[in-house]
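Residue numbers (my numbering): 3 to 199.
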């Protein structure tokens, strides 16, 4: 029995050694990119992205995902320097800060996510005119910790990709709803205006 246990122990040690050796050489950088075409102008999209307090209304990270998450905001109300931190059992602990902001092209952010170690990432939500609408692209990339991090890249890319697509679809719906409301209001105002002689 002792010999069997010894062989099992040696086998487990060997397996761990192999996993560590392989993990050292696995790529640890993730890159996620998702896009959606919105029937709206950049000025309709910008307020929902440049204001971090608006993110929970369209991003996947909200009270539905984590009902007891605690949020904190700081810096300017919007734009460069504005930050949003979160702490919850589902969302974990992290912080994002806007580093660049331009109504014509998009918003760039730095992120810090705390797991067993601190993970830093960089992302952007940018837009370009496409046909009669605007193509919105969400990109995020970062590096996971050494050794075991390489095993998590695929999971991170799949999870973030799903979250990004969900968020972009909700963003599209909000922008198009706002745009339609603006058009209706403008039409009502035009009809109510007195006719010029």
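Quick reminder that beta carbons are idealized off the backbone N, C-alpha and C, glycines included.
Computed from a prediction, not measured in an experiment: that's the story for all the values here.
{"Check": "Would you say the region 86-102 touches the region 176-193, given that touching needs at least three Cβ pairs under 8 Å?", "Outcome": "no"}
{"Check": "Taking a contact to mean a Cβ-Cβ separation below 8 Å, would you say residue 50 touches residue 173 in this structure?", "Outcome": "yes"}
{"Check": "Going by the beta-carbon positions, is the gap between residue 126 and residue 138 smaller than 8 Å?", "Outcome": "no"}
{"Check": "Can you tell me whether residue 2 is buried or exposed? The criterion is at least 16 other CB atoms within 10 Å of its CB, across all chains shown.", "Outcome": "Residue 2 cannot be examined here, being either before or after the span of the chain that is shown, 3 to 199."}
{"Check": "Using the rule of at least 16 other Cβ atoms within 10 Å of the residue's Cβ for burial, across every protein chain shown, is residue 179 buried or exposed?", "Outcome": "exposed"}
{"Check": "Can you list, in chain order, the residues of its chain with a C-beta nearer than 6 Å to that of residue 18? Leave out the 5 residues immediately preceding and following it.", "Outcome": "Low confidence applies to residue 18: its pLDDT is 37, below 50, so where it sits in the model is not reliable, and the reading given next is rough at best. Around residue 18: no qualifying Cβ."}
{"Check": "Give me, in chain order, the residues of the same chain whose beta-carbon lies closer than 6 Å to that of residue 82; leave out the 5 immediate sequence neighbours on both sides.", "Outcome": "100, 103"}
{"Check": "Taking a contact to mean a Cβ-Cβ separation below 8 Å, would you say residue 140 touches residue 47 in this structure?", "Outcome": "no"}
{"Check": "Out of 73, 114, 189, point me to the one whose CA is closest to residue 57's CA.", "Outcome": "73"}
{"Check": "Identify whether residue 135 lies in helix, strand or coil by the three-state DSSP scheme.", "Outcome": "strand"}
{"Check": "In whole angstroms, what is the alpha-carbon distance linking residue 31 and residue 142?", "Outcome": "11 Å"}
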